[in-house]
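Here the structure is laid out as structure tokens; the discussion comes afterwards.
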Amino acid sequence: MISSKILIIDDEPDFSALLKANLDETGEFIVQDINDSALAVRVAKKFKPDLCIIDVIMPGMDGGDVVARFSKEPELKDIPVIMLTALVEENPDSSVGETHTCGLPFLSKTSDFQTILACIRKHLREDVLT
Amino acid sequence: MENQTYSARGRICTAITLAGIALAGLIWLISQLNTSAGNQIVATLVIISIICLVFLTIYKTETANQSSQCSDYFIEKNKLLEEQLNEVTQENHTLEHYFSTLMEEIPANIYFKDLDSRFLKVNQSLAKTFDCGHPTDLLGKADHDFFNDEHADKALKDEKQILASGKKITGQVELETFSNGRHGWVLTTKMPFRDRNGRIIGTFGMSSDVTELIEVKNTLERERNMLRSLIDSFPDKIFVRNACREYTLVNKALAEWVGAETPDAMLGKTPDEFYAEDVVQLGSSEDSEILSTGNPIINREWKYKKSEDDIRIMLTTKVPLLDEEGRSWGIVGMDRDITTQRKTREDLLIANSNLQHAQEQLIQAEKMESIGRLASGVAHEVKNPLAMIGMGIELLSKRIPENDDTGQDTIERMKRGINRAKKIVEGLVNFSSARQLTRELKDINLVISDAISLNEYQFRKANIHVVQELAKDLPAVKLDATKVEQVLVNLMINSQHAMPDGGTLTIRSYATQLEKVIKDEGARTADHLREGDGVIRIEIDDTGSGFEEKHANQIFDPFFTTKPTGVGTGLGLSVSRKIIELHEGTLALTNLEAGGVRASITLKIPETSS
Numbered sequence: 072m073i074s075s076k077i078l079i080i081d082d083e084p085d086f087s088a089l090l091k092a093n094l095d096e097t098g099e100f101i102v103q104d105i106n107d108s109a110l111a112v113r114v115a116k117k118f119k120p121d122l123c124i125i126d127v128i129m130p131g132m133d134g135g136d137v138v139a140r141f142s143k144e145p146e147l148k149d150i151p152v153i154m155l156t157a158l159v160e161e162n163p164d165s166s167v168g169e170t171h172t173c174g175l176p177f178l179s180k181t182s183d184f185q186t187i188l189a190c191i192r193k194h195l196r197e198d199v200l201t
Numbered sequence: 115m116e117n118q119t120y121s122a123r124g125r126i127c128t129a130i131t132l133a134g135i136a137l138a139g140l141i142w143l144i145s146q147l148n149t150s151a152g153n154q155i156v157a158t159l160v161i162i163s164i165i166c167l168v169f170l171t172i173y174k175t176e177t178a179n180q181s182s183q184c185s186d187y188f189i190e191k192n193k194l195l196e197e198q199l200n201e202v203t204q205e206n207h208t209l210e211h212y213f214s215t216l217m218e219e220i221p222a223n224i225y226f227k228d229l230d231s232r233f234l235k236v237n238q239s240l241a242k243t244f245d246c247g248h249p250t251d252l253l254g255k256a257d258h259d260f261f262n263d264e265h266a267d268k269a270l271k272d273e274k275q276i277l278a279s280g281k282k283i284t285g286q287v288e289l290e291t292f293s294n295g296r297h298g299w300v301l302t303t304k305m306p307f308r309d310r311n312g313r314i315i316g317t318f319g320m321s322s323d324v325t326e327l328i329e330v331k332n333t334l335e336r337e338r339n340m341l342r343s344l345i346d347s348f349p350d351k352i353f354v355r356n357a358c359r360e361y362t363l364v365n366k367a368l369a370e371w372v373g374a375e376t377p378d379a380m381l382g383k384t385p386d387e388f389y390a391e392d393v394v395q396l397g398s399s400e401d402s403e404i405l406s407t408g409n410p411i412i413n414r415e416w417k418y419k420k421s422e423d424d425i426r427i428m429l430t431t432k433v434p435l436l437d438e439e440g441r442s443w444g445i446v447g448m449d450r451d452i453t454t455q456r457k458t459r460e461d462l463l464i465a466n467s468n469l470q471h472a473q474e475q476l477i478q479a480e481k482m483e484s485i486g487r488l489a490s491g492v493a494h495e496v497k498n499p500l501a502m503i504g505m506g507i508e509l510l511s512k513r514i515p516e517n518d519d520t521g522q523d524t525i526e527r528m529k530r531g532i533n534r535a536k537k538i539v540e541g542l543v544n545f546s547s548a549r550q551l552t553r554e555l556k557d558i559n560l561v562i563s564d565a566i567s568l569n570e571y572q573f574r575k576a577n578i579h580v581v582q583e584l585a586k587d588l589p590a591v592k593l594d595a596t597k598v599e600q601v602l603v604n605l606m607i608n609s610q611h612a613m614p615d616g617g618t619l620t621i622r623s624y625a626t627q628l629e630k631v632i633k634d635e636g637a638r639t640a641d642h643l644r645e646g647d648g649v650i651r652i653e654i655d656d657t658g659s660g661f662e663e664k665h666a667n668q669i670f671d672p673f674f675t676t677k678p679t680g681v682g683t684g685l686g687l688s689v690s691r692k693i694i695e696l697h698e699g700t701l702a703l704t705n706l707e708a709g710g711v712r713a714s715i716t717l718k719i720p721e722t723s724s
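Put into structure tokens, the structure is as follows:
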């Protein structure tokens, strides 16, 4: 089984490290995390992730800017993205707790790891199907 | 009598003497005839003549006596007459003295005028009034020499009238104005002046200076008029009653109040002619007490039924009126209608209370806003570390061996703690994010049905019977369906928690007109609703134990909860009310008489809604 590559872009190094550790623990993913959003495009181009988990509120370039920049990059524009942020609450109506806004899935940062994992798997699966 | 007797005798003797002379003449004539018959006749006549001569002698003797007696009589009589004359003269002197004393001493002006109204005689007082040295200086002068034309003409006219009619003018008050402008008031009496035969030969009169008296009278009159105007201008009902309870003074306000035509129409009458029996009885007993004790009644408040639907609140003050000896002879009183003032005062009190209420609301609302802003900030900042801890616990849980019960238990407890913290943060976010709504016209019954559906399973599990009393064809309401659904779910969960042993949950909806706006502390938007507004009401009744009245003012406070720790965050009701307020509606909780709580949501029906 080929591991999916996940890029975490979050200015909180403690959170990104712990999320990465949990994802690593599953053995399903190859995970890289960066805490400087300015490096996001460059790292993504090099890392070539299958999915990006992006925080929204970040200094300098915020999550929205990162997505905008990705959309301009042909090699990055089709990479599925999950916006993981403290701005939203877990959506009880969604099986994976996500809320869709502006065509992007938003997931609460306080969602438990299993919910986040389910959401990641769902979007990877959808990406494969498409 | 004696003199009369003398006179009669004298007349008889004179007659006999004359008769004797006549007879002597006759004898002489007959003797010339020389006849026997003639001789006889002569003889007879001689005898008669002798008798006459005897009588004549006797007469003359008596006459001489009588003359002596008459002379004494007349001397005596003359003496008497002289005495009488002396007495009369003396009396005349006395009278003259009296008259001159009267003329000179009396402090009044006395004058006598001729037919041309010129002074014949005046007294010293008048001379002084006219600034003349002596009364004789005025003789021959007239009023026009001293007074201005107006007064002199008037006096002349009066005097001509007296001369013509012979009637006197008495007690006439006149304003005398002298030529030099000096003036004064006099009380004057003018009469015709007659001679001994009763013929009018002029006028005479007397005038007294009453300037001071008239000025006092005018002052009193002015003061009386002022007092009258004053009491008539008072809106209060003022009266004076004597001991028999008869009105002796009444002002206009009282006359109008009781429907009398004029204040004077009430004078001499008693209150029973104007007031109902109960009012009369109360007033009568009060008056008796005031008159007997002398104690006034100050500001007694009472209700006066002016008509069936017009009850007035009156304030009465009554004070005894005392005579010189300090005895009460009557009562002066004043009734004031304070209905309007009382109503104004009550309105003011209500307004003040409302103002205080509004102030409390504002303070409370400000508090809520501050909490909301604080919560929003705190929530975001807390979420990140919470997420980290969550991730950390997730990682650590995999490191703890399955047989390490204490370790596993610790991890579970930490996970529960995280979840509790997450709920609180979620509540805080809801509380602050409730400010943004997406409203559109919706059928409220659909929102209610969705909320029930979401809780259906929970209700069944908790043995709660749900009764729906949703009115059909309710007008659409402009609302954020998601938020209102959140409120309904919240209230239903509260009801469920209030019925741990099961019960009945009744959800009702209906349209109505708002009768009274219930202001609630902290409810900032209650002012959007006005009495008479068309509203939709949603009521959620449970059959639980209700809330304690002492908590009535706290139930909407953030973090206030009576639920066990961990079950409720204390944010549900404050968030719910916040959401309803943003819909310009109200949310209220009341204990039901039969037990349980009614949550009542009132939402305004938009005017455009059909």
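Chains as they are written, first to last, in the working numbering: chain A, 72 to 201; chain B, 115 to 724.
Virtual Cβ for every residue (Gly too), placed ideally from N, Cα, C.
Note that the structure is a prediction, hence the values are computed from the model and not measured.
Can you list, in chain order, the residues of its chain whose CB lies under 6 Å from that of residue i, leaving out five sequence neighbours each side?
| i | result |
| --- | --- |
| R712(B) | E653, D655, T704 and L706 |
| T716(B) | V649, R651, G699 and T700 |
| E583(B) | R622 |
Rounded to whole angstroms, what's the CA-CA distance from residue i to residue j? Just pull it up for me.
| i | j | result |
| --- | --- | --- |
| T626(B) | T458(B) | 32 Å |
| L240(B) | G254(B) | 14 Å |
| G168(A) | L94(A) | 18 Å |
| N577(B) | S690(B) | 25 Å |
| H171(A) | K193(A) | 14 Å |
| D323(B) | G298(B) | 7 Å |
| K178(B) | A133(B) | Note on residue identity: the sequence assigns Ala, not Lys, to residue 178(B). When rounded, the distance between both Cα atoms is 21 Å. |
| P385(B) | D392(B) | 11 Å |
| I187(A) | A501(B) | 11 Å |
| M613(B) | L90(A) | 42 Å |
| F118(A) | G504(B) | 27 Å |
| D150(A) | G506(B) | Per the sequence shown, the amino acid found at residue 150(A) is Ile instead of Asp. Going by the C-alpha atoms only, they are around 28 Å apart. |
| E219(B) | H211(B) | 11 Å |
| S567(B) | K180(A) | 29 Å |
| K592(B) | G710(B) | 30 Å |
| I276(B) | L301(B) | 17 Å |
| E645(B) | A357(B) | 56 Å |
| M305(B) | N192(B) | 41 Å |
Going by C-alpha distance, which of the options is nearest residue i?
| i | options | result |
| --- | --- | --- |
| I607(B) | E583(B), N569(B), D257(B) and K592(B) | N569(B) |
| I80(A) | V127(A), I191(A), T170(A) and D198(A) | V127(A) |
| F213(B) | A369(B), K193(B), P249(B) and N237(B) | N237(B) |
| V446(B) | E400(B), K331(B) and P249(B) | E400(B) |
| W416(B) | D251(B), R456(B), A379(B) and E387(B) | R456(B) |
| L178(A) | I73(A), S87(A) and I153(A) | I153(A) |
| T620(B) | H494(B), F573(B), L405(B) and M448(B) | F573(B) |
| P499(B) | A88(A), S75(A), I73(A) and S74(A) | A88(A) |
| H471(B) | N667(B), H579(B), I427(B) and L334(B) | N667(B) |
Near residue i, what residues of its chain come up, given a Cβ to Cβ distance below 8 Å and the 5 sequence neighbours on each side ignored?
| i | result |
| --- | --- |
| F261(B) | A269, E290, T291, F292 and S293 |
| I77(A) | L94, F100, I101, V102, Q103, P120, D121, L122, C123, I124 and I191 |
| T119(B) | Only weak support is given to the placement of T119(B): the predicted model assigns it a pLDDT of 49, under 50, and the value that follows is read from those uncertain coordinates. So the list is empty, once near-sequence residues are dropped. |
| I404(B) | P410, I411, K432, V433, P434, S442 and I445 |
Within the same chain, show all residues whose beta-carbon is closer than 7 Å to that of residue i, passing over the 5 residues directly before and after it, in chain order.
| i | result |
| --- | --- |
| M383(B) | Going by the sequence as given, residue 383(B) is Lys instead of Met. Closer than 7 Å at Cβ, skipping near neighbours: E360 and Y361. |
| G316(B) | F226, K227, D228, L229, L234 and F307 |
| N559(B) | L584, L588 and S623 |
| G408(B) | P434 and S442 |
Closer than 7 Å: is that where the CB of residue i sits relative to any heavy atom of the ligand SAM?
| i | result |
| --- | --- |
| W416(B) | This structure does not include the ligand SAM; it has no bound ligands of any sort. |
Query raised in the report: Listed in chain order, which residues of the region 495-517 of chain B have Cβ atoms closer than 7 Å to some Cβ of chain A?
Result: K497, N498, L500, A501, M502, G504, M505, G506, E508, L509 and K512
Query raised in the report: Going along the chain, which residues of the region 172-184 of chain A sit with their C-beta nearer than 9 Å to a C-beta in chain B?
Result: Those would be S179, K180, T181, S182, D183 and F184, in chain order.
Query raised in the report: Between the region 656-667 of chain B and the region 595-604 of chain B, do at least 3 Cβ pairs fall closer than 8 Å?
Result: With the cut-off at 8 Å, the region 656-667 of chain B and the region 595-604 of chain B do not touch.
**Report entry** Touch test, the region 295-310 of chain B against the region 350-359 of chain B, Cβ-Cβ under 8 Å, three pairs minimum
**Finding:** no
Report task. Taking only beta carbons into account, state which residues of the region 86-105 of chain A come closer than 8 Å to chain B, listed in chain order. Result -> Residues are counted here when their Cβ sits less than 8 Å from a Cβ of chain B; for the region 86-105 of chain A these are F86, L89, L90, A92, N93 and E96, given in chain order.
Report task. Count the CB pairs spanning the region 151-161 of chain A and the region 110-119 of chain A that are closer than 8 Å, and state whether there are at least three. Result -> no
Query raised in the report: With a cut-off of 8 Å, do at least 3 Cβ pairs link the region 395-412 of chain B to the region 427-438 of chain B?
Result: Output reads yes: the region 427-438 of chain B touches the region 395-412 of chain B.
Report task. Can you give me, in chain order, the residues of the region 138-160 of chain A that have a beta carbon less than 8 Å from any beta carbon in chain B? Result -> A157, L158 and E160
Query raised in the report: What are the residues of the region 531-546 of chain B that lie near chain A, defined by any Cβ-Cβ distance shorter than 9 Å?
Result: I532, N533, A535, K536, V539, E540, V543 and N544
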